[in-house]
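> Numbering (this note's numbering), first residue to last: 158 to 989.
(1) So residue 627 is in the alpha helix (DSSP H); what residue range does that whole segment cover?
(2) Whole angstroms are fine: how far does the CA of residue 168 sit from the CA of residue 210?
(3) Going by Cα to Cα distance, which pick from 685, 818, 432 is closest to residue 554?
(4) Helix, strand or coil for residue 541 per DSSP?
(5) Once the 5 residues before and after residue 267 are set aside, which same chain residues still bring their CB inside 8 Å of it?
(6) Pop quiz: residue 206 and residue 178 are said to be a contact at Cβ under 8 Å. What is the actual Cβ separation, rounded to whole angstroms?
(7) Restricting to Cα atoms, I'd like to know which of 218, 388, 618, 451 is closest to residue 932.
(8) Expressed to the nearest angstrom, what Euclidean distance is found between the alpha-carbon atoms of residue 871 and residue 193?
(9) Which partner residues does residue 781 have in the DSSP bridge list?
(10) By the three-class DSSP mapping on this structure, what secondary structure does residue 958 have?
(11) Measuring CB atoms only, is the stretch 913 to 931 touching the stretch 874 to 889, in the sense that at least three cross pairs come out at less than 8 Å?
(12) DSSP beta-bridge partners for residue 771?
(13) Just how far apart, CA to CA, sit residue 616 and residue 808?
(14) Going by alpha carbons, who is nearest to residue 491 out of 364, 571, 536?
(15) Suppose the cutoff is 6 Å on Cβ atoms and the five residues either side in sequence are ignored; what does the same chain contact list for residue 712 look like?
(16) Assign residue 702 to one of two classes, buried (16 or more other C-beta atoms within 10 Å of its C-beta) or exposed (fewer than that).
(17) Ordered along the chain, which non-local residues of its own chain (more than five positions away) have a Cβ less than 6 Å from that of residue 500?
(18) Decide if the stretch 437 to 457 is in contact with the stretch 466 to 485; the criterion is three or more beta carbon pairs, one per stretch, under 8 Å apart.
(19) Report all residues from its chain with a CB closer than 6 Å to the CB of residue 839; omit the five preceding and five following residues, and keep chain order.
(20) Distance check for residue 552 and residue 640, CA to CA, integer angstroms please.
(21) Could you pull out every unbroken alpha helix (DSSP H) segment of at least 4 residues lying fully inside the stretch 823 to 895, listed in chain order?
(22) Determine the closest residue to residue 729 out of 869, 214, 622, with distance taken between C-alpha atoms.
(23) Report the rounded CA-to-CA distance for residue 596 versus residue 717, giving the unit in angstroms.
(24) If you run the structure through DSSP and keep just helix, strand and coil, what is residue 234?
(25) Once the 5 residues before and after residue 307 are set aside, which same chain residues still bring their CB inside 7 Å of it?
(26) Could you round the C-beta distance between residue 847 and residue 606 to whole angstroms and report it? I think they count as a contact, below 8 Å.
(27) Check whether the Cβ atoms of residue 118 and residue 635 lie closer than 9 Å to each other.
(28) Judging by CA-CA distance, which residue of 814, 927, 411 is the nearest neighbour of residue 862?
(29) Taking the straight line between their C-alpha atoms, what separation do you get for residue 543 and residue 678?
(30) Mapping the DSSP letters down to three states, classify residue 710 as helix, strand or coil.
(31) Report all residues from its chain with a CB closer than 6 Å to the CB of residue 440; omit the five preceding and five following residues, and keep chain order.
(32) Taking the alpha-carbon positions, what's the residue 291 to residue 312 distance?
(33) In three-state DSSP terms, what is residue 562?
(34) Which residue from 173, 172, 184, 199 puts its Cα closest to that of residue 162?
(35) Tell whether a beta-carbon distance below 9 Å holds between residue 381 and residue 355.
(36) Three-state secondary structure (DSSP) at residue 352?
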């Protein structure tokens, strides 16, 4: 079997390398419906070349008096399944079924003629032009600088800025070709000469049989092949190295190989029973839809029962005092902005603002201080440019598009200054609920998942029934009521002019929708937090901050608008009562705060040990019945009822197979360093995410080693250990240890040490206490497993307080020893 899989791997390599469309059929003598190791290896191999098996039903059914067996050893494997149709039918003459394969070529697969060129508008932004801009802007004097209201002050500043910017960095237009001629690699003259010689040798060998001639032909063919690969790599290496933005150039190349769609042209949409094809009409239709849809949904959902009072938490005794902003603070904020090319309607890029930050910082500082004092946010910054990104489904349905809003960079600077001050105040007085894991330092999706699994395991270990409800809110950010925001902020101590400033920030928001480079008129938004803003998610976080006060019968975990409740009880009857109470409490809270529960996407799952059968199939909640699910996706992790993680591990393996296929395509084009960057983006990220809950997996490790062998050109029998060590690549086991130990280090203030429960002067008095558990699966929970490994660390590592130094030192340990399993780590630390 090993020989077959090895040879089949070579066959797939050759097919994928030499042909764009591949179809492989045959009897492989491996039952694809079996769960044995050979079937898994075969499908991993198929998926790693971005291919699928199209036979999905049994092709042999055998019936005996005692049992019926079904299997399929017939395969149709292809990387173009969308143009193939297979059929499995019983001819009635054997227990083997027949299969037909039909090639389907639709008219839509034939490319339509498109214009060869399109008009592209751009600015000439070079260092000389930016220097010219600085000189022009410095000549202006703002006489009204300290006497104006914030709108007049900002309008004068922005008008002057744009006038200077347009002169120094004028707009230009040019025609861009739609063809791929610009992507051709300029091969050397020597290579073309060799190719001509190869063609001549090929002509001769077909007419004259000469062993020396054939040998010369084959040698030259290999030389040309090697030289093509070398020149390709050098071309792309120079292209990346000579680029002003190396990362962007690299990822543009990767996306090109991935065939990632970058064409956002919208051909037609259906809106209010009309088919629209004109870009102006489509932009107007999208603008009207975005400005009215959520208002209509709230009206339809709540009707005349719309609550006039929101829920609020207990009023804070202290109030926030907003001190004046300094120019140094503004310069620091500007310097921290990410280098992006996207711009708001003012078309001012981040690079231009960074270049003249010392010059404009005093002006922006004064604008911020006047803005806070007046409690007014500049009106010119409330206008956003919106583009549409098709999600899935019918492209003519306006509901199937995701709006992407872009605001002015000046707006983000002001928002970041305010956010920094408000965060500092709320953290100082611990006013943000610990149930919230979103948009907070020290919290993340992974911290939420770890707390979820830890709590579920602790309740299962004591024999309680455990049920989790995963709520989905319909466009939660867009339903925020600005009148309620004022009340909620006031109770948190954000009062006076800063409270008025937040209300002003949300009021009179407008959008202009861009469709096919055509801009619509302005449309007003009456509800919601502004998309694309810095403060939008933060305002929503404060909007739902009082939710835990109303949920008394369950454990609540929140990440932004993703809400999970965990309810447990020793008895079934009490558990059902608690589930109904939690559902009712959350529904009432949503009603009072104008939030809509999406019942179709809300899920309930009952957790139990793998050996135990589920106790609940459904729950009667509200006016309907909600059926329990066997698995649910929570913050990117697929949790199943038995916490076996098989489904999630399969998802990780699929991502690694896609990463392998991508690297196979890129290997002839990019150098090793860039290939490693691709691995870290697509492979490492898939392995590392949530690994503290699903743990290490042998299947994942096998695929990781396969990727490493591909990157460095190693054979299947070569050990990867030295390459992991020399290239400083963490193995799956090392990634698990790194993530888990950093999690314990970050949360050590919540853990007990031996010295906290006794006063004896023992060698292990500073070790963390690891309480005993009854069930073996609980030993894999993040805190239990993490404490076990943390206590085994060398003393010099355990005593490090700074989290960044701890992580760096721990990485060094993991790099140097290259652990294939956690047992190797425990063996090493037991005998240092």
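Built from N, CA and C at the ideal position, the CB exists for glycine as well. On a predicted model such as this, the values are computed, not experimentally measured, just so you know.
So, from the data block:
(1) Note, residue 627: premise wrong, no alpha helix (DSSP H); beta strand (DSSP E) at 622 to 628.
(2) Distance between the alpha carbons of residue 210 and residue 168: 16 Å.
(3) Residue 432 is the option with its Cα nearest to residue 554.
(4) In the structure shown, residue 541 falls within a strand segment according to DSSP collapsed to helix, strand and coil.
(5) The predicted model places residue 267 with a pLDDT of 39, which falls under 50 and marks its position as unreliable; any figure quoted below should be read in that light. Within the same chain, residue 267 has no close Cβ partners at all.
(6) Not confirmed; about 13 Å, so no contact.
(7) Measuring C-alpha to C-alpha distances from residue 932 to each of 218, 388, 618, 451 identifies 618 as the nearest.
(8) Whole-angstrom Cα-Cα distance: 27 Å.
(9) Per DSSP, the beta bridge partners of residue 781 are 778.
(10) Coil at residue 958, not helix or strand.
(11) With a cut-off of 8 Å, the stretch 874 to 889 and the stretch 913 to 931 do not count as touching, because too few Cβ pairs lie within range.
(12) Answer is none; residue 771 lacks a bridge partner.
(13) Answer to the nearest angstrom: the Cα atoms are 27 Å apart.
(14) Comparing Cα-Cα distances from residue 491 to each of 364, 571, 536, the minimum goes to 571.
(15) The answer, listed in chain order, is 612, 723.
(16) Burial state of residue 702 is buried, judged by a 10 Å Cβ sphere holding 16 or more other Cβ atoms.
(17) 506.
(18) The stretch 437 to 457 vs the stretch 466 to 485: no contact.
(19) If the five residues before and after residue 839 are omitted, its C-beta is found closer than 6 Å to the C-beta atoms of 816, all from its own chain and listed in chain order.
(20) Going from the Cα of residue 640 to the Cα of residue 552 covers about 36 Å.
(21) Runs of the alpha helix (DSSP H) inside the stretch 823 to 895: 829 to 836, 842 to 845, 848 to 851, 855 to 869, 878 to 883.
(22) The option with the nearest alpha carbon to residue 729 is 622.
(23) Here the alpha carbons of residue 717 and residue 596 stand approximately 8 Å from one another.
(24) Residue 234 falls in the strand class under three-state DSSP.
(25) Here the set comprises 524, 527, 528, 531, 533, 535.
(26) Right, the Cβ-Cβ distance comes to about 6 Å (below 8 Å), so this counts as a contact.
(27) The question about residue 118 has no answer, for the chain in this structure spans 158 to 989.
(28) Just measuring C-alpha positions, the residue of 814, 927, 411 sitting nearest residue 862 is 814.
(29) Distance between the alpha carbons of residue 543 and residue 678 is about 12 Å.
(30) Secondary structure at residue 710: coil, using DSSP grouped into helix, strand and coil.
(31) These residues qualify, in order along the chain: 670, 672, 675, 677.
(32) In this structure, the CA atom of residue 291 is about 19 Å from the CA atom of residue 312.
(33) DSSP, reduced to helix, strand and coil, places residue 562 within a strand of the structure shown.
(34) Selection 173, 172, 184, 199 evaluated against residue 162 yields 199 as nearest (Cα-Cα).
(35) Cβ atoms of residue 381 and residue 355: closer than 9 Å.
(36) Looking at residue 352 - three-state DSSP - the assignment turns out to be helix.
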